[in-house]
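To start, the structure under review is shown below, and the notes come after it.
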Amino acid sequence: MKCADSSMTNVCCIQKLSKEHCLYKITFPIMNWIDAQIYCRTHYVDLATITDDTENTFLANILSDVGLSDAWIGLHKNLWLWSDNSSVSLSSVKWESGQPDNVNGNEDCVKASTEGLMADDSCSTPLPFYCREHRRIQRVRFTVKSDGDLDESAVMEAIEKKVR
22 MKCADSSMTN VCCIQKLSKE HCLYKITFPI MNWIDAQIYC RTHYVDLATI
72 TDDTENTFLA NILSDVGLSD AWIGLHKNLW LWSDNSSVSL SSVKWESGQP
122 DNVNGNEDCV KASTEGLMAD DSCSTPLPFY CREHRRIQRV RFTVKSDGDL
172 DESAVMEAIE KKVR
């Protein structure tokens, strides 16, 4: 697999969606986790969120193909959340043996490896990282039980606030 290189240097387009857009980008200017998150949120959407085995294997193969061993993903220990604040089931994360180990109580961020396994590491460690370029769309259906007039803007605003 070769990088479908974009006009930016040190950025590799992964899974090209159109002439201008990719699903993921892996960056080669290495950064700590916080700076990587800021970079991804500024230029794309966020650090990558891995949701299934297919996606995990795909990203692991990319690391191997471009000659890297580890890269930051969006998982971090704030009750173990993805950087977009979506929850994660720790049993669904494929951890390296003995991980997460939180060495010195200072490993709150997660990196992915070429084996498709995750390990916690110090957030200050400089690594390449995956950015997700496109947002996922999640549709939510709900029923509102109310005696109020749903056409009133105040009622609609209250509903929208609850949904967020």
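Each residue of the sequence shown is one higher than the one before, starting from 22 at the first, in the working numbering.
Glycine included, every Cβ here is placed at the ideal spot set by N, Cα and C.
| query | result |
| --- | --- |
| Burial state of GLY137, where buried means 16 or more other Cβ atoms lie within 10 Å | buried |
| Coarse secondary structure for ILE158, derived from DSSP in three states | Confidence in ILE158 is poor, its pLDDT being 46 and thus under 50, which makes the residue's placement unreliable; the coordinate value appears in the next sentence. ILE158 falls in the coil class under three-state DSSP. |
| Test item: CB-CB of CYS144 and ASP122 under 8 angstroms | no |
| Pairwise C-alpha distance: LEU96 and THR70 | 7 angstroms |
| Where the beta strand (DSSP E) containing TRP93 begins and where it ends | 91-97 |
| Where the beta strand (DSSP E) through ARG142 begins and ends | One detail in the question is off: residue 142 reads as Asp in this sequence, not Arg. ASP142 -> beta strand (DSSP E) spans 139-142. |
| Reference LEU89; option with closest CA among GLU154, THR135 and ALA179 | THR135 |
| Same chain, Cβ closer than 7 angstroms to TYR53, five either side skipped, listed in chain order | The sequence shown places Asn at residue 53, not Tyr. Closer than 7 angstroms at the Cβ level, and outside the excluded window around ASN53, lie CYS144, SER145, THR146 and PRO147. |
| Simplified DSSP assignment, three categories, for VAL188 | The chain is shown from 22 up to 185; residue 188 falls before or after that span and cannot be answered. |
| Runs of beta strand (DSSP E) wholly within the region 55-114 (minimum 3 residues, chain order) | 91-97 |
| CB of GLU154 within 8 angstroms of CB of VAL66, strictly | yes |
| Integer Cβ distance of PHE150 from ALA92, believed to fall under 8 angstroms | 5 angstroms |
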